[in-house]
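Each remark here refers to the structure printed beneath this line.
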Amino acid sequence: MIESGMQESKESKVTIIDFNFETVEKAVKFCYGFEDPNLWSIDNAVNLLQFADKYDIKDLKSFSETFNFHGNFFIL
């Protein structure tokens with residue numbers, strides 16, 4: 337998308353209006369491998385699962401589903 341010639345590519349920014357800042361920030365941190373001890377709570381996991389589903393982020397979706405199912409990030 338950033339190199340596609342679309343508006344986001346021309347402006348070098350992506351505007352996400354359907355998720356709050358906290359959800360987007362946590363998703364980006366996850367994608368870059370940052371470890372955030374506050375990342376996994378029930379509320380965050382539900383929001384992150386919706387975000388991952390919409391933007392097709394498979395790893396984040398898998399981790400979110402696992403957390404939501406087991407209620408514990410470390411159970412895979």
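Residues in the sequence shown are numbered from 337 upward in steps of one, following the numbering used here.
The beta-carbon is built from N, C-alpha and C at its ideal position, and this holds for glycine as well.
Given this structure, state the Cα-to-Cα distance separating residue i from residue j, to the nearest angstrom.
{"i": "Lys397", "j": "Asp354", "result": "17 Å"}
{"i": "Trp376", "j": "Lys346", "result": "34 Å"}
{"i": "Asp372", "j": "Phe366", "result": "8 Å"}
{"i": "Thr351", "j": "Gln343", "result": "10 Å"}
{"i": "Gln386", "j": "Ile393", "result": "10 Å"}
{"i": "Gly299", "j": "Tyr391", "result": "What the structure shows of the chain is the stretch from 337 to 412, and residue 299 is not part of that stretch, so it cannot be assessed."}
Excluding the five sequence neighbours on either side, which residues of its own chain have a C-beta within less than 7 Å of the C-beta of residue i, listed in chain order?
{"i": "Leu384", "result": "Thr359, Lys362, Ala363, Leu396, Ser400"}
Alpha helix (DSSP H) containing residue i: first to last residue?
{"i": "Val364", "result": "357 to 367"}
{"i": "Asp389", "result": "378 to 391"}
{"i": "Lys346", "result": "343 to 347"}
For residue i, which residues from the same chain have a beta carbon less than 8 Å from its beta carbon, with the 5 sequence-adjacent residues on both sides left out?
{"i": "Asp389", "result": "Lys397"}
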